Amino acid sequence: MGSKTLGALPCLTANLLVQAISVLLTLASDSPLLLIISSIGFGGTFMGTTSLVMTIARQLSVPGNLNLLGFVTLIYGIGQILGPALTSMLGNGTSALAGATLCGAAALFIAALISTVQLFKLQVVTS
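Residue numbers (this note's numbering): -4 to 122.
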């Protein structure tokens, strides 16, 4: 099953939740097995998130002459710049890395929540 069967928004929500949980697993233990599971969960969903967001961006109608794919790419790039900057502001050492990891997981959970809200809005409009 994939986004063609279930739809892009439900798949994006599930993808983001798996990604967020995988990020949090790195803080749960230093067990090699848990870290491998976390790596597989994160790595396996990373490109899926990008692909699903781009698919959704192509499907949306936007006002004016806005290039939504370009805008999504810009926002993603800003996040890639702000992430390391935020990490450095949190300080040095293990606690700073743990804080940054928690911020990343929180951002993924918030994105999953936004995706879920959009899915409910879409269901209300189409019913």
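Note that beta-carbon positions come from the ideal geometry of N, C-alpha and C, so glycine has one too.
None of these values were measured; they are calculated from a predicted model.
Looking only at its chain, what residues have a beta carbon closer than 7 Å to the beta carbon of residue i, apart from the 5 residues adjacent to it on each side?
{"i": "residue 5", "result": "114"}
{"i": "residue 96", "result": "18, 21, 22"}
{"i": "residue 43", "result": "10"}
{"i": "residue 85", "result": "91, 94, 95"}
Going by C-alpha distance, which of the options is nearest residue i?
{"i": "residue 64", "options": "92, 45, 104", "result": "45"}
{"i": "residue 79", "options": "112, 58, 99", "result": "99"}
{"i": "residue 40", "options": "26, 11, 20, 31", "result": "11"}
{"i": "residue 1", "options": "86, 47, 87, 31", "result": "47"}
{"i": "residue 8", "options": "118, 119, 122, 112", "result": "112"}
{"i": "residue 77", "options": "33, 90, 102, 62", "result": "102"}
{"i": "residue 123", "options": "35, 86, 25", "result": "Outside the shown range of the chain (-4 to 122) lies residue 123, about which nothing can therefore be said."}
{"i": "residue 38", "options": "15, 25, 59", "result": "15"}
{"i": "residue 3", "options": "119, 110, 116", "result": "110"}
{"i": "residue 25", "options": "120, 93, 117", "result": "93"}
Please report whether the beta-carbon of residue i lies at a distance below 8 Å from any beta-carbon of chain B.
{"i": "residue 101", "result": "Included in the structure is just one protein chain, with no chain B present."}
Whose C-beta lies closer than 8 Å to the C-beta of residue i among residues of the same chain, with five residues either side of it excluded?
{"i": "residue 23", "result": "29"}
{"i": "residue 57", "result": "63"}
{"i": "residue 126", "result": "No statement about residue 126 is possible, as the shown extent of the chain runs from -4 to 122 and does not include it."}
Got a sec? Which residues, its chain only, sit under 6 Å from residue i by beta carbon, not counting five neighbours each side?
{"i": "residue 107", "result": "8, 11, 12"}
Answer yes if the stretch 72 to 85 comes into contact with the stretch 47 to 55, meaning at least three C-beta pairs across the two stretches below 8 Å, and no otherwise. No: the two stretches stay apart, fewer than three of their Cβ pairs being nearer than 8 Å.
Counting only runs that start and end within the stretch 14 to 52, where is the alpha helix (DSSP H) found for 4 or more residues in a row? Segments of the alpha helix (DSSP H) lying fully in the stretch 14 to 52: there are none.
Quick check on the DSSP output: what are the complete alpha helix (DSSP H) runs of length 4 or more inside the stretch 85 to 121, in order along the chain? Whole alpha helix (DSSP H) segments, 4+ residues: 89 to 121.
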